[in-house]
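Residue numbers (this note's numbering), protein chains in the order written: chain V, 1 to 118; chain W, 119 to 249. Quick reminder that beta carbons are idealized off the backbone N, C-alpha and C, glycines included. Below is one structure, written out as structure tokens, with a few remarks after it.
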């Protein structure tokens with residue numbers, strides 16, 4: 001027996017997850033930005049020892065990765081929207097979207113290796 | 119030149135692509151988009167490169183320190199700072215619009231002006247700090 005497809009491809013609920021994720025990641029980045037900017041504006045003359053010590057803390061490592069993951073997810077949604085607006089041929093658009101995804105996946109792996117390689 | 123099909127006649131097209139002709143909210147919006155794309159393409163890899171270099175060794179740290187002492191590097195940094203700050207303040211404005219704060223025409227225009235000003239002010243503050 002064939003049942004009707006349950007997914008509704010159009011309508012007001014399509015895309016709300018991206019919409020929400022874009023805002024949640026934005027707020028996470030906003031909070032982290034205040035801390036990061038505060039650190040660099042207040043603390044002048046950061047030495048290598050300070051810098052290295054900062055990233056030896058497991059808490060800082062996890063917070064830094066959370067910030068970067070928010071950046072990558074936010075960038076994925078944003079760039080996908082831009083590509084959907086301007087790149088009309090479907091094949092090219094999908095190809096570029098795959099390239100963006102692979103790039104951001106690479107950045108994620110690279111971030112982990114930098115942060116935990118200290 | 120008359121055409122048998124009125125719909126296929128060449129209609130005049132006019133695209134006003136001069137950004138300066140946009141109203142303030144439009145200018146904030148297109149800058150939000152441009153800064154987002156620029157940061158995706160250049161700032162993300164740059165931050166990872168600097169993070170890797172400065173954390174790898176004392177020599178790497180000092181190398182980046184001397185690079186950032188160069189005026190050209192400071193200018194590029196300020197370009198990224200403006201991109202980040204404009205994107206951030208414009209984003210806060212959109213979050214407020216989402217919860218129906220300032221959606222009328224006049225408040226929307228003045229908040230757009232404030233966003234543009236805050237981006238520039240924040241960049242100037244960082245400029246003063248690093249010079």
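Check, Outcome
"Interfacial residues, the segment 146-177 of chain W to chain V, with Cβ spacing under 7 Å", "151, 154, 155, 158, 162, 166, 169, 170, 172, 173, 176"
"Minimum Cβ-Cβ distance from residue 237 of chain W to chain V less than 7 Å", "no"
"Sequence-distant residues of the same chain with beta carbon closer than 7 Å to residue 61 of chain V, five excluded per side", "55, 115, 116"
"Contact set for residue 174 of chain W: own chain, Cβ-Cβ below 8 Å, skip 5 residues either direction", "none"
"DSSP three-state assignment for residue 94 of chain V, whether helix, strand or coil", "helix"
"Limits of the alpha helix (DSSP H) - the one that residue 74 of chain V falls within", "58-86"
"Cβ contact check for the segment 11-22 of chain V and the segment 75-82 of chain V: 3 or more pairs under 8 Å", "yes"
"Where residue 55 of chain V falls: helix, strand or coil (DSSP)", "coil"
"Below-7 Å beta-carbon distance, residue 45 of chain V vs any chain A residue", "Protein chains in the displayed structure are V and W, and chain A is not among them."
"Segment contact, 8 Å Cβ cut-off, at least three pairs: the segment 82-91 of chain V with the segment 128-138 of chain W", "no"
"Contacts around residue 99 of chain V, its chain only, beta-carbon distance under 7 Å, and the 5 residues preceding and following it disregarded", "none"
"Test: residue 26 of chain V CB closer than 7 Å to a CB of chain W", "yes"
"Cα-Cα separation between residue 177 of chain W and residue 111 of chain V, rounded to whole angstroms", "21 Å"
"Selection of the segment 186-198 of chain W by Cβ proximity to chain V, strictly under 8 Å", "none"
"Residue 236 of chain W to residue 96 of chain V span [Cα, whole Å]", "34 Å"
"Residue 101 of chain V versus residue 86 of chain V: straight-line alpha-carbon distance, rounded", "18 Å"
"Limits of the unbroken alpha helix (DSSP H) element including residue 159 of chain W", "It is not in any alpha helix (DSSP H) - residue 159 of chain W carries neither H nor E in the DSSP assignment."
"Test item: CB-CB of residue 199 of chain W and residue 246 of chain W under 7 Å", "no"
"Backbone CA spacing between residue 26 of chain V and residue 216 of chain W [nearest angstrom]", "13 Å"
"Interface partners of residue 48 of chain V on chain W, CB under 7 Å", "176, 179"
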